[in-house]
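Chemist: 141 is the number that the numbering used here gives the last residue of the sequence shown; the numbers go up by one with no jumps.
Provided herewith is a single structure, encoded as structure tokens, for subsequent inquiry.
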Amino acid sequence: MELLFINHKLNEGAKYYVSWKDHGVYLFHSVPTKSDGSIDKKEAKKLGKIPGSHGCIRLSIPDSKWLAATVPAGTKIN
64 MELLFINHKL NEGAKYYVSW KDHGVYLFHS VPTKSDGSID KKEAKKLGKI
114 PGSHGCIRLS IPDSKWLAAT VPAGTKIN
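In structure tokens:
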């Protein structure tokens, strides 16, 4: 199952996310999507090269999908 969220203030979102603070303050999530759910290729090209996050941890789509499907709620993040 694909999880998708949209941040209406930024007009972007992400696929496959896991929250670790106050359900949504900070997330592990895929590279950003546009408001229509398509991948924002400009932002995706930053992954692993230059900062681009607003505080979340950006991941590749396969990595974010694995994390969302595998890591149970309540897992401690250091």
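We put the CB at the ideal spot given by N, CA and C, even for glycine.
Check residue 120 in the structure and name its three-state DSSP category.
Modeler: In the structure shown, residue 120 sits in a strand (DSSP, three-state: E or B).
Chemist: Mapping DSSP to helix, strand and coil, what is residue 130?
Modeler: Correct three-state label for residue 130: helix.
Chemist: Going by DSSP, name the residue or residues bridged to residue 96.
Modeler: DSSP output for residue 96 lists 76, 102 as bridge partner(s).
Chemist: What is the rounded straight-line gap between the Cα of residue 118 and the Cα of residue 77?
Modeler: For residue 118 and residue 77, the distance between alpha carbons rounds to 14 Å.
Chemist: Determine the closest residue to residue 125 out of 68, 71, 72, 92, with distance taken between C-alpha atoms.
Modeler: The residue with the shortest Cα to Cα distance from residue 125 is 92.
Chemist: Could you tell me which of 81, 70, 140 sits nearest to residue 97, measuring between CA atoms?
Modeler: For the residues 81, 70, 140, the minimum Cα distance to residue 97 belongs to 70.
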